[in-house]
Each structure stands twice: as structure tokens, then as C-alpha cells.
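Protein chains in written order, with the numbering used here: chain A, 230 to 596; chain B, 2 to 172.
This is how it looks when you write it as C-alpha cells:
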């Protein structure tokens, strides 16, 4: 099989998406994604919103609760507290673990013991009052200084499971208030999950997504009373694109190319990790499809290849399509394993077998 | 001591006869059969848990024996096939569709979510015969993985540059 791969310029030297980071801080990145399709940008957005694994309190053991809040109310509040998702890849999903209910391989444990013994003022309980412990109740030691196991940028995160505290007073979210004599003794069991199951697992607070600020493509129809131009002020992103000329013809075949993305994280992982994890999750989804289609019996599939198995075509096609992508070969060595990861996808279909359920499918990805 | 399942708690396949975590112990399995409004079912066991909203993990976890992709060749049209993707949604559907329609060998590509309550989408692909629909889909997936890999590297490059230049950020 020597059919041409898709004629969308993937073989060009400068092909592939481009990124321009405009602003960033501890939780947020504002960037322009260009030279890619709307579908890819949107799929990436959806993946980052809903399918990145993080950590959140999933079960709450109430040992004593004499506060004014009902048990389930309290449990819900505890579930929404952002917890550090550092090294989340090393934590198993509860359903994949061999333990009976939960253990240190698939859960983090947070203890909250608080009593207001003799203060007439309400005692406020914050997320900082949660203490991390192991399953059998031993306190968890923080990572040693200079610990370097996580992804780039993750090094600033506290130990996995620790509540994320970002306010000035270093208190974290308010959980509850205790009047004199009221008591709270609680053990929280935090598990790995994704926001598709419950939004408490979302690593993102919001993702701003805009394209075509001048509405040149007419993907939207602007409602107006007298004059759409006067009534719809341009967004800041409009400065990044040529305004339409007066009397310019409508290009009905034009496609969106630049996407203005404002990625705002919750703090459970740095925003660049959200991006990397989003890309990786989407790649894993695609890899699962490739695996699913390759696993299927070859019998009866008219592949038009004169008797060869479909896999031959895949391998050859993959090889020729990606073989010449040397642009990223040498120059990108600073980013280590990424190139290795490419070759795994390119020609070598054997690499996909590692997707079977391996915890770290991207062999060289993390360096 | 009582377990309080957080809303949307994960149901673990409990071992040793325990009620699954996340189910409610006060939910009687017979209550429906006592309801006179249910005709013809009196005396039969009705699973009241079936009336509860489905567990959210059903959106993304394949059931036992369920395949990620089901492939069905189209008999009436040459070089056409229908793929059924289980536990997937528009994220993958639109992405694959958009990639496939750009291929010169693909004559038709479209996707559909038959019902919004079921995490399934169907992708129909017709090619010109040079490649089989299955190959076209696999190829599209590979190219997307590739494209995402380039994006990842581009992003890392930009991020490192930004870190060197700005020493943190200025949002």
C-alpha cells in the first residue's frame, strides 16, 4: 500500500499546530492556538474540562458530627475541596485496584478533628485543618525538598492529597463553623476520578474559547436593534486578527484557524499540566480506538489491498506518513521522551499493545 | 460510624456480600411491588435501583465484554462502513469526522449521537476504494495523535520560553 496519506499538509516542514502564550500565572494560561482545526481545538477543550484524572474526596466517614450541617451536606462540601493532584498517574482508580474497598494505592485519606470546647465565638473550620494520613492512620510525610518526580511545573504542588490553599490567609475554603460544644470528627477518603463522573474532579475552573472575533466566517448571527457593529463591541482578541475590509466578499470556504484560549485551572495542578494531561488523555482516547479497530478480527473486511491484512496497510501508511517528520527529531531533544512517543505512534503498531491497561502507557513521555 | 456517600460516589463492586458503596441501604427492593399504581407487576420483584439515575461512570467505562468500537460493513454501498463507538461522545466523534472529511480518499464521513442519554456515537465512513474505511479511521487517529504530539511539544517549547523570559508570568 503506497497511498498518499491525507493531503492536509502533514508532510510539510512547518505543519502542525502552533502555540503563542500571551499571559500566564499560577492558575491560568492565556494562549493562541493556531494552524489547527476547530474540531481539534474543541476536542482538546472538552477533554481538559471533563476527562483529566484528578483527586477529590469521594467517601466521608462521619465519626462525630454535632455541627449544624447535616452529614451529607458536609460530605458534599468536603468533596468540592480542591486537593493536590500531584503524581496522580501513580494513583490507581479504585475500580482498578486489587484492594477490597480502598487502600494507599488507590486513595488518599484526610482526617478532620475539631471541637469548640469553650469559645463563645464560632470556630471556623477551614480546609487547612484537614491532615493527610495513610490508610492505617499514620501521618503522611511531605515530599523531601527538591523532589522531582512530577511533571514540569508540578514541583510547586504540595504532596498528593493535600488541600490546595491559595488565599492570602493560607486557610483554604471554609468547611463549617462550630458553636461552643460542637464537634466534628471525620475521615475523608479521596479517590481518583474524572469530571465526567462528577465536576468535583475537574482540574479547570473555566476555559475561555474564542475564534473569529470579527465574525468573518459568520458562524454566529449577531442580534441587533439598529446596527450590529455599534451594539457589539469587539473583544480584546479582535486586535489579533485583520478586521474585515469594507465591502469584502464573504469567503464561504474559509475555516477558522486561530483559537484564543484562556485556560483557568483550579490549582489542583498547574495550568501547563492541565494542557499536557489534556493532550495525553485525548491521545489515549485515540489510541484506544486504534487498538479497538486493530484487535478486531480481520476476516471479511474488504480492505482493497489484495489479500494483505489491514494491519500491513496501517503499518506502511504510518511509516510513510510520519517517517519524514525529522523536524522534531534532533532539535527537540530538550523535551526528551516526546520524540520517542512519536515513533511509537508512527510506524510501530506494536507499541499500541502497551495500551492494554498499563498505568503509564506513554513509555518515554515523562522522561 | 456511617459511610456518607458523596454525591456521585463511585460504586465499587463490593466483595463478600456488602452493599455496593453508593447504594442506599434504606432502598427496599420490594417497595415498587407494593405500589398499587403498578399493574400486573404485583408480587414480582422490581429493582427499584433501576429507577435511580444511572451511575455517571457509565458514561466512560466500558461494560463487561463491550468493545470500544464496533465495525459493520455497509452492504448496499461499496467501500462504506458504520462504526459504533461505545462510551464516547462528541469529543471523539467530531474530531474524527473533521479529520476524515479532509482525507482525499474519503468520500463521506459523518457522525451521529443516536440518543443523548446513551454514551454512544456512530460514525459512517465511505471511501473511494483506495483505502478501506477501517484503514481510513485508523489513519485519521494516528494523524491526530501525531498532531497532538506536535502540539504538546510546541506548547512545552512556548512555556519554557515564557518561563525564561518572564520569570513566572504577568496575568
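Even for Gly, the Cβ is constructed at its ideal location relative to N, Cα and C.
- Secondary-structure assignment with DSSP links residue 438 of chain A through a beta bridge to A:490.
- The beta-carbon separation of residue 337 of chain A and residue 284 of chain A, rounded to 6 angstroms, stays under the 8 angstroms limit for a contact.
- Only 420, 422, 423, 425, 426, 427 and 429 from the stretch 413 to 443 of chain A bring a Cβ to less than 8 angstroms from some Cβ of chain B.
- Note on geometry: alpha-carbon atoms of residue 401 of chain A and residue 459 of chain A lie some 44 angstroms from one another.
- Only residues of its own chain outside the window of five on either side were considered, and among them 83 and 111 have a CB closer than 6 angstroms to the CB of residue 125 of chain B, listed in chain order.
- Against residue 77 of chain B, chain A offers no close residue; the least beta-carbon distance is about 14 angstroms (beta-carbon pairs closer than 9 angstroms).
- Residue state for residue 284 of chain A is assigned as strand, using DSSP reduced to three classes.
- Neighbourhood of residue 125 of chain B in chain A, by CB distance below 8 angstroms: empty, with the nearest CB roughly 15 angstroms away.
- Residue burial annotation: residue 489 of chain A is buried, with at least 16 other C-beta atoms found within 10 angstroms of its C-beta.
- For residue 472 of chain A, same chain residues with a beta-carbon under 7 angstroms away, outside a window of 5 residues either side, are 443 in chain order.
- Put simply, of A:481, A:504 and A:423 the residue whose alpha carbon is nearest the alpha carbon of residue 279 of chain A is A:423.
- For residue 76 of chain B, the number of other beta carbons within 10 angstroms of its own is below 16, and it is reported as exposed.
- Contact between residue 418 of chain A and residue 333 of chain A does not hold, since their C-beta atoms are separated by about 11 angstroms, which reaches or exceeds 8 angstroms.
- Taking one beta carbon from each stretch, the stretch 484 to 504 of chain A and the stretch 260 to 268 of chain A have 3 or more pairs nearer than 8 angstroms; the two touch.
- In the DSSP secondary-structure assignment, residue 360 of chain A is bridged to A:340.
- Pairing residue 314 of chain A with residue 498 of chain A gives a Cβ-Cβ distance under 8 angstroms.
- Burial check for residue 483 of chain A: the Cβ neighbour count within 10 Å stays below 16, so the residue is exposed.
- Against chain B, the CB of residue 521 of chain A has a partner CB under 8 angstroms away; the residue lies at that interface.
- Taking 8 angstroms as the Cβ-Cβ cut-off, the stretch 126 to 140 of chain B approaches chain A at 130, 131, 132, 133, 135, 136, 138, 139 and 140, given in chain order.
- The C-beta distance from residue 496 of chain A to residue 395 of chain A rounds to 5 angstroms, short enough to fall under 8 angstroms.
- Residues of the stretch 389 to 409 of chain A that bring their beta carbon within less than 8 angstroms of a beta carbon in chain B are absent altogether.
- Closest in alpha carbon position to residue 296 of chain A, among A:414, A:358 and A:514, is A:414.
- When A:370, A:467 and A:257 are compared, the shortest CA-CA separation from residue 362 of chain A is found for A:370.
- For residue 260 of chain A, the three-state secondary structure derived from DSSP is strand.
- Of all residues in the stretch 482 to 505 of chain A, those with a C-beta nearer than 7 angstroms to a C-beta of chain B are 501, 504 and 505, reading in chain order.
- When A:250, A:508 and A:518 are compared, the shortest CA-CA separation from residue 153 of chain B is found for A:508.
- Only buried fits residue 430 of chain A, as 16 or more other CB atoms lie within 10 angstroms of its CB.
- Between the beta-carbon of residue 289 of chain A and that of residue 69 of chain B there is about 34 angstroms, and that puts the pair past the 8 angstroms contact cut.
- For residue 508 of chain A, there is no enclosing beta strand (DSSP E); the enclosing alpha helix (DSSP H) covers residues 500 to 524.
- In terms of Cα proximity to residue 390 of chain A, the closest of A:421, A:405, A:281 and A:366 is A:421.
- Between residue 311 of chain A and residue 393 of chain A, the C-beta gap is smaller than 8 angstroms, which places the two residues in contact.
- Under the 8 angstroms criterion on CB atoms, residue 518 of chain A is classed as interfacial with respect to chain B.
- In this structure residue 58 of chain B touches residue 426 of chain A by the C-beta definition: roughly 5 angstroms separates them, less than 8 angstroms.
- The bridge partners DSSP lists for residue 497 of chain A come to none.
- Taking C-beta atoms as the reference points, residue 356 of chain A and residue 404 of chain A count as a pair closer than 8 angstroms.
- Apart from the 5 residues on each side of it in sequence, residue 387 of chain A sits with its Cβ closer than 6 angstroms to the Cβ of 313 in its chain, given in chain order.
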